[in-house]
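K.L.:
The numbering of the sequence shown is UniProt numbering, which starts it at 1 and goes up by one. Glycine is no exception: its CB is placed at the ideal position from the N, C-alpha and C atoms. Because the structure is a prediction, the values reported are computed rather than measured.
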Amino acid sequence: MPDSLANRSEIERWNGPAAQRWLAERERHAAIRHRLLPHLLALSRPDDVVLDVGCGCGDLTRALAGSVTGLDVSEPLLEVARRSVPGVEFRRGDAQTYPLPPAAYDLIVSSFGVMFFDDPVAAFGNLRTALRASGRLAFLCWQDPLANEIFAIPLRAFRRYGFAPDPISRDSFADPGAISAMLAEAGFAEVQVDALREPARLGSDVPDVMGYAFGSSQVRDLVAAAGPEVAARVRAEMEAEFTARTRPDGVWVEAAAYLVTARLMPA
Ligand SMILES: C[S@@+](CC[C@H](N)C(=O)[O-])C[C@H]1O[C@@H](n2cnc3c(N)ncnc32)[C@H](O)[C@@H]1O
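And the structure:
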């Protein structure tokens, strides 16, 4: 690993700094996704044979009904998954290139684990081969970062001072038209992209969520570009936004995701 040139930098990232941050923030990320995962789980049936792509620490894998296999490129996260979900098979591999058993699964799911492929059409094409003729694909991905308060609060503040990338995101998963096109090209039909908005608990209090926001590489890069004076103003604006969203049980923002579903294109 990596066994090919595909996704080399993402594979390194998810076996290095991204895995460390994901593990350090595991509880927070679970809280953020808590109201989103039921939308995905509602699509699984008890008899389904399921593949969980980009399964990470196995939080969705554990919650899924039926017979389930987890697939991920990250050994540190798979180690946690194997410990926390005993009896479930976890495989280490790149969903874009991994030799999956043909026509083996009723359902391929992912909770924010399919957004990192350097060739999404090839990756979904590989996943398609592992679905039975009646099989379904269902995954969650983030909407545009400016529509999603998890990322939008720092980005909006930097933007007011002219320090934010334009466009903010080149992520094709933030664009329902691009998602439909890439899945159609990969051989899927009946693609549906449903916009979800759910409350997400971002942290326990304002200092906690400020620490989380300023720990992200995107915000650190923006601070470095903007300089200390602008960074101090941005910080004050963010604190005000998070204070306005503080409840007795924590700081709650509005998460915006897409629930994407599709079926195999008839042969
Ligand atoms: C944002 S995390 C989501 C983890 C998990 N699904 C969850 O919701 O907790 C993204 C996951 O996708 C995995 N990943 C990234 N690229 C991948 C690839 N090409 N094939 C399989 N997994 C991949 C990462 O290692 C990571 O575990």
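Select from A174, P266, Y212 and L140 the residue whose C-alpha is nearest the C-alpha of R21.
P.N.:
Translated into the one-based positions of the sequence shown, residue 21 becomes position 21. If we check each option's Cα against that of R21, Y212 comes out closest.
K.L.:
Does A267 pass the burial test, meaning 16 or more other C-beta atoms within 10 Å, or should it be called exposed?
P.N.:
Position 267 of the sequence shown, counted from the first residue, corresponds to residue 267. A267 comes out exposed.
K.L.:
Any idea which residues DSSP pairs W22 with across the strands?
P.N.:
Translated into positions along the sequence shown, residue 22 becomes position 22. Note: W22 sits in no beta bridge, so no partner.
K.L.:
What's the gap between the Cα of R233 and the Cα of E25?
P.N.:
Residue mapping note: residue 233 aligns to position 233 of the sequence shown, counting from 1. Residue mapping note: residue 25 aligns to position 25 of the sequence shown, counting from 1. Cα to Cα, R233 sits roughly 26 Å from E25.
K.L.:
Could you give the C-beta distance for L259 and L196, rounded to a whole number, given that I count them as a contact under 8 Å?
P.N.:
Along the sequence shown, one-based indexing puts residue 259 at 259. Along the sequence shown, one-based indexing puts residue 196 at 196. That pair is a contact at about 6 Å.
K.L.:
Tell me whether G135 sits in a helix, a strand or coil according to DSSP, three-state version.
P.N.:
Numbered from its first residue, the sequence shown carries residue 135 at position 135. Strand, per DSSP.
K.L.:
Using DSSP with H/G/I as helix, E/B as strand and the rest coil, what is F214?
P.N.:
Locating residue 214 in the sequence shown gives position 214, counting from the first residue. Helix at F214.
K.L.:
Does DSSP classify F117 as helix, strand or coil?
P.N.:
What you label residue 117 is simply residue 117 of the sequence shown in a count that begins at 1. It is coil, neither helix nor strand.
K.L.:
So R201 and I32 are supposed to be a Cβ contact under 8 Å. How far apart are they, rounded?
P.N.:
Within the sequence shown, the letter at position 201 stands for residue 201. Within the sequence shown, the letter at position 32 stands for residue 32. Taking C-beta atoms under 8 Å as the contact rule, R201 and I32 qualify, at a distance of about 7 Å.
K.L.:
By the three-class DSSP mapping on this structure, what secondary structure does S9 have?
P.N.:
Position 9 of the sequence shown, counted from the start, is the residue given in the question as residue 9. Residue state, collapsed to three classes: helix.
K.L.:
Going by alpha carbons, who is nearest to P145 out of R132, S172 and D119?
P.N.:
Stepping through the sequence shown from its first residue, residue 145 is reached at position 145. Nearest of R132, S172 and D119 to P145, Cα basis: S172.
K.L.:
Could you tell me the distance, in whole angstroms, from the CA atom of G125 to the CA atom of P207?
P.N.:
In the sequence shown, residue 125 corresponds to position 125, counting from 1. In the sequence shown, residue 207 corresponds to position 207, counting from 1. Rounded to whole angstroms, G125 to P207 spans 44 Å at the Cα level.
K.L.:
Do D119 and Q96 have their CB atoms nearer than 8 Å?
P.N.:
Taking the sequence shown and counting its residues from 1, one reaches residue 119 at position 119. Taking the sequence shown and counting its residues from 1, one reaches residue 96 at position 96. Yes.
K.L.:
Is the beta carbon of D106 less than 8 Å from the beta carbon of A6?
P.N.:
Position 106 of the sequence shown, counted from the start, is the residue given in the question as residue 106. Position 6 of the sequence shown, counted from the start, is the residue given in the question as residue 6. In this structure, A6 does not lie closer than 8 Å to D106 by Cβ.
K.L.:
At a cut of 8 Å, does the stretch 36-53 reach the stretch 99-113 through at least three beta carbon pairs?
P.N.:
yes
K.L.:
Tell me, to the nearest whole angstrom, how far the beta carbon of D205 is from that of V251; I am working on the premise that it is less than 8 Å.
P.N.:
Here residue 205 refers to the residue found at position 205 of the sequence shown. Here residue 251 refers to the residue found at position 251 of the sequence shown. At roughly 7 Å, the Cβ-Cβ gap stays under 8 Å, so D205 and V251 are in contact.
K.L.:
Could you tell me which uninterrupted alpha helix (DSSP H) segments, each at least 4 residues in length, are contained entirely in the stretch 57-87, listed from first to last along the chain?
P.N.:
59-63 and 75-84
K.L.:
Check whether the stretch 130-147 touches the stretch 71-91, counting contact only when three or more Cβ pairs, one atom from each stretch, lie closer than 8 Å.
P.N.:
Under the Cβ criterion (8 Å, minimum of three pairs), the stretch 130-147 does not count as touching the stretch 71-91.
K.L.:
State whether the stretch 208-228 contacts the stretch 147-163, with contact taken as three or more CB pairs (one from each stretch) at a distance under 8 Å.
P.N.:
yes
K.L.:
Under the DSSP definition of a beta bridge, which residues are partnered with Q192?
P.N.:
Here residue 192 refers to the residue found at position 192 of the sequence shown. According to DSSP, Q192 bridges with T261.
K.L.:
Just reading off the alpha helix (DSSP H) that F151 is part of, what are its end residues?
P.N.:
Residue mapping note: residue 151 aligns to position 151 of the sequence shown, counting from 1. Note, F151: alpha helix (DSSP H), E149 to R160.
K.L.:
Taking 7 Å as the cut-off, is the beta-carbon of G56 closer than that to any non-hydrogen atom of ligand 1?
P.N.:
Translated into the one-based positions of the sequence shown, residue 56 becomes position 56. Because some heavy atom of ligand 1 lies under 7 Å away, the Cβ of G56 counts as near it: yes.
K.L.:
Just to check my reading of the structure: G66 and R45 have Cβ atoms closer than 8 Å, yes? What is that Cβ distance to the nearest angstrom?
P.N.:
Your numbering for residue 66 matches position 66 in the sequence shown. Your numbering for residue 45 matches position 45 in the sequence shown. Indeed, because the Cβ distance is near 7 Å, the residues count as touching under 8 Å.
K.L.:
Could you compute how far the alpha carbon of F214 sits from the alpha carbon of P101?
P.N.:
Your numbering for residue 214 matches position 214 in the sequence shown. Your numbering for residue 101 matches position 101 in the sequence shown. Approximately 42 Å between the Cα atoms of the pair.
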